[in-house]
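Heads up: the sequence lines are chains X and Y, in that order. Position one of the first sequence corresponds to residue 1 (the numbering used here), numbered consecutively onward. Position one of the second sequence corresponds to residue 1001 (the numbering used here), numbered consecutively onward.
Number of protein chains: 2
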Amino acid sequence: MIKNEAITKRSEDFAKWYTDICKKAELMDYSSVKGFIIYRPYGYAIWEEIQKYLDAEFKKSGHQNVYLPLVIPESLFNLEKEHVEGFAPETLIATIGGKEELEDRLIIRPTSEVLFTDHFRRVINSYRDLPVLYNQWCSVVRWEKTTRPFLRGSEFLWQEGHTMHRTGREAKKEALDILKVYEGLGTKLLAIPFVSGEKTPKEKFAGAKNTYSIEALMPDGKALQSGTTHYFGDGFAAAFGVKFLDKDATLKVPHQSSWGVSTRLIGSIIMVHGDDNGLVLPPYVAPIQLVIIPIRVENSGDQKQIDRLYRRLKTHYRVKMDDSSKSPGWKFSEYEMKGVPLRIEIGPRDLANKSVTLVRRIDSKKTVVLLQDLDKVIKQEMKEIHDLMLDKATKYKDEHTTVTTKFSELDAIFNDKLGYAKVMWCGDPKCEATFKEKFQATIRNLPLKQVPHDDSCIVCGKKAKKVALVAKAY
Amino acid sequence: MIKNEAITKRSEDFAKWYTDICKKAELMDYSSVKGFIIYRPYGYAIWEEIQKYLDAEFKKSGHQNVYLPLVIPESLFNLEKEHVEGFAPETLIATIGGKEELEDRLIIRPTSEVLFTDHFRRVINSYRDLPVLYNQWCSVVRWEKTTRPFLRGSEFLWQEGHTMHRTGREAKKEALDILKVYEGLGTKLLAIPFVSGEKTPKEKFAGAKNTYSIEALMPDGKALQSGTTHYFGDGFAAAFGVKFLDKDATLKVPHQSSWGVSTRLIGSIIMVHGDDNGLVLPPYVAPIQLVIIPIRVENSGDQKQIDRLYRRLKTHYRVKMDDSSKSPGWKFSEYEMKGVPLRIEIGPRDLANKSVTLVRRIDSKKTVVLLQDLDKVIKQEMKEIHDLMLDKATKYKDEHTTVTTKFSELDAIFNDKLGYAKVMWCGDPKCEATFKEKFQATIRNLPLKQVPHDDSCIVCGKKAKKVALVAKAY
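Structure, rendered in structure tokens:
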């Protein structure tokens, strides 16, 4: 009998459990290029579902897809100083093209603000051309020393939105509107309750005026930054000479936003929902939403019925039928490990009763369902499973968000209770640095929903108006 | 009054007409990186329609999408000799990562056979793992000295399929099956009649045993290779040590195929269908299938009716409504230049008659259509326009395919009549080279439908069994 490959239990070794799932659920594989992974079909299909959701959302709100070069001339890259300093240490640089040394070396894009702004200069002339709302699906390269599948890698897949607006107010609104789209991706597709907020000046994106983030809380108590949006003001645009003739017949510089989420979200899904037995995929993002496993089906009439059922369900759901020669037990644990939300067990006795057995991945709940009710029941189950997963993740996040005014409590919060500390912060970078020095923790963001619970900074005791979410992070 | 930007007439200067369309129909823009273009929204949207069609076709036949690194270590690249020699002259090479010189330099992928085969080594163990049917959507880089938008560039978007099979027969069948999918893309989406055939040994892909191509005939009489599929035998797999345990319990090397089409197809669409007034897009691939242009609509009741019509049509078609303040005349020529297949003109009198005026891009045919019949009529028109465009292109191709047995006729075919010469060829590379030396023409392919019309080679007169399609080419 073939045995399933065992994965480390989450409760035993979280880090090893994570990489076991990545490999054994066949989400990814290591490649021969250090730090670069291979997105295998099952992992890539999760990304495709995320793409489908976001692409529709972006287009609904008037965004258009484009594609810009994957290389940036070094001379152009150097035009916006803060940006260069932020990215230069982690760039991959091409120096040879067609067997000749390049005069202007080419940086493999780590992000594309530079190329977009350069392009905007050529296509924006009048206020009538604004806003310009662009998005690009591509991969970017950031040369990393230590990498982990999906969480940190030298190349990752992402979308990057780049927009230009008549006014700063509009550009900032765009950055906040997209943050809401990302939140919706969490609650509607990934069953992850993100916390939206603004990054501190220290943590903001190189060259941005304001950076906003969505943060997710992992079961080891660490936060994972899962997406960011940026408001640039007109700094980038001015550096690249983008101008437009406004309604009042004067030349002005437009205001800019950019925003992105990446395949890091796959890491978020794995960690937030997984359990000792492997991956647990939220139903709406699962590449296989249900697996049909025939049990001891030997007669061809029964087989035909099951084939019919498979074809019927396939028109509404992403279904896999596994009628291979492997044992039912092997299949059960295989699809459990792969996190398939629903399993349909079906044998001659079920067929005689015109029913199947439906088993949920999330809690192993078994239900016998009449064939005639199956489509309806699956639809209900998917919604129920999604809601349960979101509730569970929200409960975990809420229980691990500790509102405190006492610096002395922080150590216990970060090291025993785990999770977020919600504290008052005066805005001084020195106090911010203290979290790092003492606890290896950082201000994840200043939540958009600000409900001050005190009026003095948890570090220095001076006047504080800002609520900060502090945690250790990936 | 704002005037439309004029484009050069096709009949006056074909090359200039082509680049005018690329720029002025806003399909692309040049970037600050020499040889690298920007795919603007209207051009990228054409690619998205091609992607949608092909992705569905690939998945229907069991293919899965994956994503592999965009860089290939030089040491790995050197494993398959023929392949290296084919691609080395046009590679872009990264030599610096994270400010340090790389020990093993990284080639920006010109194509991914190397990485796929390396990955296959790790995931293929048994005949049960076969076939492996993968596809990847990405961009590739080939360092080109002279470039033309969509036709030849240092970076282009494409899909690359890579598959492994138990037997050579199966792998070769895959290469031919996909060629059929590409043919279908031509007849069903692009309204282009491709000629499928096999490349000569001289023209085949670096490392392949057999290369097949789809060729399209442009109105200047030149052929454009629009897609290729390759059968590799087991050469690549052997070089990379891919093996599987077969049913007979012996270790064997699997057989491989790869195949791809690129954004070059956009160039094909432009040239095959365009006319003096600009782009003419086949309806099923057009990003805007119909444009609604309100004319002298001043009363708000009329405007509401038009809005309702717009929303209704949008549920079935890709529709744009242009109610900007520009003149109707400007709009007519703008969307004409952009190749929108159908235009709906609608004014107060039309509304009073519960009708609209429908105008076809392809021949300016005007029809007054009752609002209640509009959805049905549009559907019929789209089919009719598509069929007309395919017929026209097929007729052009057929009229410019000259079957000949006389070498003396070739000059007139290639330089006056233009198009393909269908000739008998003995298989000798020397005779093949003669076409190039004398006429700057090449054997495009040996059509799959072989109907010999003579038994001696058109060049040397020796025995010839193969029908070859010869033409000048892009």
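Heads up, the beta-carbon is just placed ideally off N, CA and C, and yes, glycines get one too.
Classification of residue i by the beta-carbon crowding that lies within 10 angstroms, buried from 16 upward
{"i": "I165 of chain X", "result": "It is His, not Ile, that sits at residue 165 of chain X in the sequence shown. With 16 or more other Cβ atoms within 10 Å, it is buried."}
{"i": "K1397 of chain Y", "result": "buried"}
{"i": "S509 of chain X", "result": "This structure cannot speak to residue 509 of chain X, because chain X is shown only from 1 to 474."}
{"i": "M1 of chain X", "result": "Only weak support exists for where M1 of chain X lies, its pLDDT of 46 falling under 50; the value from the coordinates is given anyway. The residue is exposed, with fewer than 16 neighbouring Cβ atoms inside 10 Å."}
{"i": "N210 of chain X", "result": "buried"}
{"i": "N125 of chain X", "result": "exposed"}
{"i": "T1367 of chain Y", "result": "exposed"}
{"i": "N1353 of chain Y", "result": "exposed"}
{"i": "Q256 of chain X", "result": "buried"}
{"i": "A1015 of chain Y", "result": "exposed"}
{"i": "Q380 of chain X", "result": "exposed"}
{"i": "P110 of chain X", "result": "buried"}
Chain Y within 8 Å of residue i, Cβ atoms only
{"i": "F123 of chain X", "result": "As written in the sequence, residue 123 of chain X is Val, which differs from the Phe given in the question. Judged by the 8 Å Cβ criterion, V123 of chain X is in contact with chain Y."}
{"i": "I270 of chain X", "result": "no"}
{"i": "E155 of chain X", "result": "yes"}
{"i": "Y39 of chain X", "result": "yes"}
{"i": "I115 of chain X", "result": "Checking the displayed sequence, the identity of residue 115 of chain X turns out to be Leu instead of Ile. Yes - at least one Cβ of chain Y is within 8 Å of the one on L115 of chain X."}
{"i": "E437 of chain X", "result": "no"}
{"i": "I108 of chain X", "result": "yes"}
{"i": "S484 of chain X", "result": "The first residue shown for chain X is 1 and the last is 474, placing residue 484 of chain X beyond what the model contains."}
{"i": "S11 of chain X", "result": "no"}
{"i": "S126 of chain X", "result": "no"}
Residue-chain proximity (residue i, chain X), Cβ-Cβ < 8 Å
{"i": "H1487 of chain Y", "result": "No answer is possible for residue 1487 of chain Y: the residues shown for chain Y start at 1001 and end at 1474."}
{"i": "P1048 of chain Y", "result": "The question names Pro, yet the displayed sequence has Glu at residue 1048 of chain Y. Yes, because at least one Cβ of chain X sits closer than 8 Å to the Cβ of E1048 of chain Y."}
{"i": "F1036 of chain Y", "result": "yes"}
{"i": "S1300 of chain Y", "result": "no"}
{"i": "Y1044 of chain Y", "result": "yes"}
{"i": "W1143 of chain Y", "result": "yes"}
{"i": "S1456 of chain Y", "result": "no"}
{"i": "S1112 of chain Y", "result": "no"}
{"i": "S1139 of chain Y", "result": "yes"}
{"i": "M1001 of chain Y", "result": "Any answer about M1001 of chain Y is weak, because its pLDDT of 46 lies below 50 and its placement is not dependable; what the coordinates show is given next. No, M1001 of chain Y does not count as interfacial toward chain X."}
Counterpart residues of residue i in DSSP-defined beta bridges
{"i": "P73 of chain X", "result": "X:L106"}
{"i": "S1262 of chain Y", "result": "Y:W1158"}
{"i": "G233 of chain X", "result": "X:Q256"}
{"i": "Q1225 of chain Y", "result": "Y:E1215"}
{"i": "R1360 of chain Y", "result": "Y:L1342"}
{"i": "K1320 of chain Y", "result": "Y:V1291"}
{"i": "N1065 of chain Y", "result": "Y:N1135"}
{"i": "Y979 of chain Y", "result": "Outside the shown range of chain Y, which is 1001 to 1474, sits residue 979 of chain Y, and nothing can be said about it."}
{"i": "A1441 of chain Y", "result": "According to DSSP, A1441 of chain Y bridges with nothing at all."}
{"i": "M164 of chain X", "result": "X:V132, X:Q256"}
{"i": "G427 of chain X", "result": "Partner(s): none; G427 of chain X has no beta bridge."}
{"i": "Y1335 of chain Y", "result": "Paired residue(s): none; Y1335 of chain Y is not in a bridge."}
{"i": "F194 of chain X", "result": "In DSSP, F194 of chain X forms no bridge with anything."}
{"i": "A1468 of chain Y", "result": "Y:V1423"}
{"i": "E49 of chain X", "result": "BP columns for E49 of chain X are empty, so no partner."}
{"i": "G97 of chain X", "result": "X:E100, Y:L1092"}
{"i": "F1116 of chain Y", "result": "Paired residues: none, contrary to the question."}
{"i": "L1251 of chain Y", "result": "Y:L1245"}
{"i": "V368 of chain X", "result": "X:T357"}
Check: residue i C-beta below 7 Å from any heavy atom of the ligand NAD
{"i": "E155 of chain X", "result": "The ligand NAD is absent from the structure shown, which contains no ligands of any kind."}
According to a CB-to-CB cut-off of less than 7 Å, which residues of the stretch 86-103 of chain X neighbour chain Y? Of all residues in the stretch 86-103 of chain X, only P89, E90, L92, I93, A94, T95, I96, G97, G98, K99 place a beta-carbon less than 7 Å from a beta-carbon of chain Y.
Relative to chain X, which residues along the stretch 1061-1080 of chain Y have a C-beta separation below 8 Å, given in chain order? Residues Q1064, N1065, V1066, Y1067, L1068, P1069, L1070, V1071, I1072, P1073, L1076.
Chain X contacts from the stretch 1013-1034 of chain Y (Cβ-Cβ distance under 7 Å): Under the 7 Å Cβ criterion, the stretch 1013-1034 of chain Y contributes D1029, S1031, S1032, V1033.
Counting beta carbon pairs with one atom in the stretch 1235-1243 of chain Y and one in the stretch 1444-1451 of chain Y, are three or more of them shorter than 8 Å? No: fewer than three Cβ pairs fall under 8 Å.
Are three or more beta carbon pairs between the stretch 1270-1289 of chain Y and the stretch 1180-1195 of chain Y nearer than 8 Å? In the pairwise beta carbon analysis, the stretch 1270-1289 of chain Y is classified as touching the stretch 1180-1195 of chain Y: at least three pairs are separated by under 8 Å.
Is there contact here, the stretch 1137-1149 of chain Y with the stretch 1166-1176 of chain Y, by at least three beta-carbon pairs under 8 Å? Result no; under three Cβ-Cβ pairs closer than 8 Å.
Meets three-Cβ-pair contact criterion under 8 Å: the stretch 301-319 of chain X and the stretch 367-380 of chain X: Short answer: they touch.
Would you call the stretch 194-206 of chain X in contact with the stretch 214-228 of chain X, where contact means no fewer than 3 C-beta pairs closer than 8 Å? In short, these stretches touch, since the Cβ pair count reaches three.
Three Cβ pairs or more, each shorter than 8 Å: is that satisfied between the stretch 92-105 of chain X and the stretch 35-55 of chain X? With contact defined as three or more Cβ pairs closer than 8 Å, the stretch 92-105 of chain X and the stretch 35-55 of chain X are not in contact.
Three or more beta-carbon pairs under 8 Å between the stretch 22-37 of chain X and the stretch 55-73 of chain X, yes or no? No: the two stretches stay apart, fewer than three of their Cβ pairs being nearer than 8 Å.
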